[in-house]
Structure formats: structure tokens, C-alpha cells
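In this note's numbering, the protein residues as written are 22 to 346. The beta-carbon is built from N, C-alpha and C at its ideal position, and this holds for glycine as well.
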Amino acid sequence: MAHQTHHITHSHSNTHLRWDKTLAPVLTVSSGDEITLDLPDGGGNQFDAHSTSESISTFDVSKADPAVGPVFVKDAQPGDVLKVEFLSLQPAAYGWTAILPGSMNFGLLSDEFHEQRLKIWDLETHAKDGYAVFKEGIHIPIRPFLGVVGIAREEAGEWSTIPPYDTGGNIDCKYIVEGSCLYLSVKVEGALFSCGDGHAAQGDGEVCGTAIETQMKAKMRLSVEKNKPWVKSPHYETSGVKAKVWDSKGEYAVLGIDADLREASRKAIRGMIEWLSGEKGLTREEGYMLASVAGDMKIVEAVDMPHYAVACSMPLNIFVGSIGK
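Now the structure itself:
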């Protein structure tokens, strides 16, 4: 049987904010079929290309991380694996990064940043060159991926799309780009696949709570695989393809040391923000956002207790000239 391609547009009727195995499928496909989707951004399209920091005052966090679906995959049964192949990921012409204040703030230093900030990114002008401009002298490589990719949980009830689970969800993993595969452990008949939360770029950790959030046109292939009991949580496989223009020039990193892993991470981020302010002339808010879209958090040492060592690193290839105001 020839495999088919199906399309899902973004509408209220096929978008949800919860994982729930009782949700009615918006589409039924066969194993091996391809789907294309028009996906909202992680804020539910509440900002546009002309939004400003003042627009955050009307932002409704209850609409965050919407997922489009679910898609029922024929022959998918509990114990199987759903293989998701990312064939194409196309960001919109603009994106946004925000520091959200108060109870809305998901950032790792949310208790230290109290002023709302919104940056609108131009994702169109330099799209063919593979980057977006943070500010004069700082270019961020565009590596699109989806923050939310998952399937229904076996437990009854409603489960928010904001956290990640063993069945996927808001995993925010920047390595699952075009050409990569994600493997999910099926818990209910049909798997009930959904996705959303397009990112044009993100650092490991997404430390200020947002990446370069953007609407996305995505194309994927969904396939059922049997007899892979080792897949109990999300697994992924990358293609190894890297854009030549972003050959590494090395990185600058700050270590945070603490007996508490979260506090070690916070120390590393603080140190990186201080370096970006002192060495590169960025404001603290700019440094926080840059660490979220381009910096990587790494556990570099975990055995010499009672302390952990966490690094916050910044690729030096993003600095392309004198940094403007």
C-alpha cells in the first residue's frame, strides 16, 4: 500500500493544552504516512512582529505550549514504539524571546529578573545565510526544532502540555532538528500524537524560560515499530549534518559549583551573564536572553560529592564583530 501525506492546519478545534487519552483524534493515519502541520508558537500566537515589551501585560500564560493533534496512528498498540522522522521544519518570518515577570516566569533566575522584556527577531532577512541577528555583532545560528512532541499518557485524566514526560511532551531538546528521529514508547491504542511549540534556536537549558519562539510549518513521517522494549522514555537519533557556516571557533564557559544541582546551574548562569555584561557590554537582560537562545548548560562533573560542577558555555562563533548598542 502506498503511503499518504496528510495536512493539519492550525485551528481551535485541533489544538489542545493537555495530554488526555480521551481526546478525539483530528486525523487517522497509517504507519509510514507523512503529515504536514501549521503549528502555533509556544505562546499560542499571542505576539506578532510588532509586539513590544508592553505587550507582555496581556500575555495569558494559560495558553502556553499548545499542541496540534492528536493523530491516531493505525496499528500502534501499547508496548510499541512510534518513530517520528522530522523531514522539514520551516520557521515563520519572525520569532520572539521574552523574560516573563512574576508568576509567568519560567526562567532559572526568575527571582532575580523582575522587569518584563520582549525581543522580536527578524527570521527572514538572513534566512538563506542561516542566522538571525541578536544585535549588531552577534549572530545566532538558526536550527529549527519543535519544543513539544509527544503522545498520550496511559494514566486517566488531563496532563498539562507544559512539562515533559516519559511519553514526550515539552521536551525542548534542540538536537531533534530536521533529519533527526524521535522514538516514543506507545501507551495507548493509536499513540495519539501531537506537537507544537516551534523554536528557531535554543541553548541547552532554555534558561530564561523562552527560546526563539516561532510558528512553524513541519513535515514528519510517523511509523510504528515493534519489539523495542528498551524504549521507555524519549530516545532520539541525529543525522550528524551541520551547517558549514557555523564551524566552531570554540566556546567560553563558566562553572557553577554547589552541592545542589539547581543552584550550581544558577551560579553558572549568573557568571555567564556577568561575563557577557563585562566583556561584551550587554545588559543583564540581554545576557539572560542570549544565554537562553545560544548558551548550553552541561553537567561536567557529578561524582566528587558533595559538589556538582555545571558549565554554562557560549559558542564564540556567534560574535562576528563589534557589538552595537
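Nearest-angstrom Cα separation, counted from residue j out to residue i
i	j	result
Val89	Lys288	37 angstroms
Val245	Gly189	16 angstroms
Ala315	Asp187	26 angstroms
His135	Phe127	12 angstroms
Thr235	Gly63	7 angstroms
Ala113	Lys238	8 angstroms
Ala264	Lys149	The pLDDT assigned to Ala264 is 43, lower than 50, so where the model puts this residue is not dependable; a value taken from the coordinates is nonetheless given after this. Distance between the alpha carbons of Ala264 and Lys149: 11 angstroms.
His71	Asp86	21 angstroms
Ile172	Asp59	18 angstroms
Val266	Lys253	With a pLDDT of only 45 at Val266, under 50, the local geometry of the prediction cannot be trusted, and the value read off the model is given with reservation. Near 37 angstroms, if we compare the C-alpha coordinates of Lys253 and Val266.
Val341	Ala153	12 angstroms
Ala212	Lys249	15 angstroms
Asn66	Gly151	24 angstroms
Pro327	Tyr257	32 angstroms
Ser51	Lys240	15 angstroms
Thr259	Thr304	35 angstroms
Asp325	Val331	13 angstroms
Met335	Lys95	44 angstroms
His147	Leu139	21 angstroms
Asn35	Arg174	18 angstroms
Ser215	Pro99	17 angstroms
Extent of the continuous beta strand (DSSP E) run through residue i
i	result
Ile161	Ile159 to Pro162
Tyr309	No beta strand (DSSP E) contains Tyr309, which is instead part of the alpha helix (DSSP H) from Arg305 to Ala315.
Phe214	Phe214 to His220
Phe134	Premise fails: Phe134 is in no beta strand (DSSP E) and is neither H nor E.
Pro184	Careful: Pro184 lies outside any beta strand (DSSP E) and carries neither H nor E.
Asn191	Gly189 to Asn191
Glu272	Glu272 to Asp279
Val89	Ala88 to Val94
Glu106	Val102 to Pro112
Phe155	Tyr152 to Lys156
Thr26	Thr26 to Ile29
Val331	Tyr329 to Pro336
Continuous alpha helix (DSSP H) stretch holding residue i: start and end
i	result
Ser52	Premise fails: Ser52 is in no alpha helix (DSSP H) and is neither H nor E.
Ile233	From DSSP, Ile233 is part of no alpha helix (DSSP H); its letter is neither H nor E.
Leu139	Careful: Leu139 lies outside any alpha helix (DSSP H), inside the beta strand (DSSP E) at Arg138 to Asp143.
Trp117	Here Trp117 belongs to no alpha helix (DSSP H); instead the beta strand (DSSP E) covers Tyr115 to Ile120.
Gly292	Leu282 to Lys301
Residue i and residue j closer than 9 angstroms at C-beta
i	j	result
Leu3	Val207	Since the displayed the chain opens at 22 and closes at 346, residue 3 lies outside it and no answer follows.
Ala280	Tyr204	no
Ser201	Glu284	no
His33	Leu44	no
Ile159	Ile339	yes
Glu157	Tyr115	no
Arg39	Glu210	no
Gly302	Ile344	yes
Lys270	Ala177	no
Val228	Ser286	yes
Pro255	Pro184	no
Thr402	Ser109	Since the first residue shown for the chain is 22 and the last is 346, residue 402 is missing from the structure and cannot be characterised.
Closest Cα partner of residue i within the set the options
i	options	result
Pro61	Ala97, Thr79, Thr49 and Gln111	Gln111
Asp69	Val228, Ile344, Arg174 and Asp143	Asp143
Pro122	Val275, Val82 and Ala23	Val82
Leu311	Cys333, Thr43 and Pro327	Cys333
Phe93	Asn66, Lys301, Arg291 and Leu243	Leu243
Ile161	Leu337, Ser343 and Gly345	Leu337
Met318	Glu272, Met326 and Trp180	Glu272
Pro91	Thr118, Asp101 and Val170	Val170
Ile290	Asp225, Lys95, Pro184 and His31	Asp225
Asp101	His256, Lys247, Asp325 and Phe80	Lys247
Ser131	Gln67, Glu306, Thr259 and Leu108	Glu306
Ile77	Leu48, Gln137 and Asn35	Gln137
Thr118	Thr73, His147 and Lys95	Thr73
Thr182	Leu108, Glu175, Val324 and Lys84	Lys84
With a threshold of 8 angstroms, are at least 3 pairs of Cβ atoms found where one atom belongs to the stretch 176-194 and the other to the stretch 275-287? no
Would the stretch 160-176 and the stretch 217-230 be scored as touching if the rule is three or more Cβ pairs under 8 angstroms? yes
Counting pairs of beta carbons, one from the stretch 24-31 and one from the stretch 45-61, are three or more of them closer than 8 angstroms? yes
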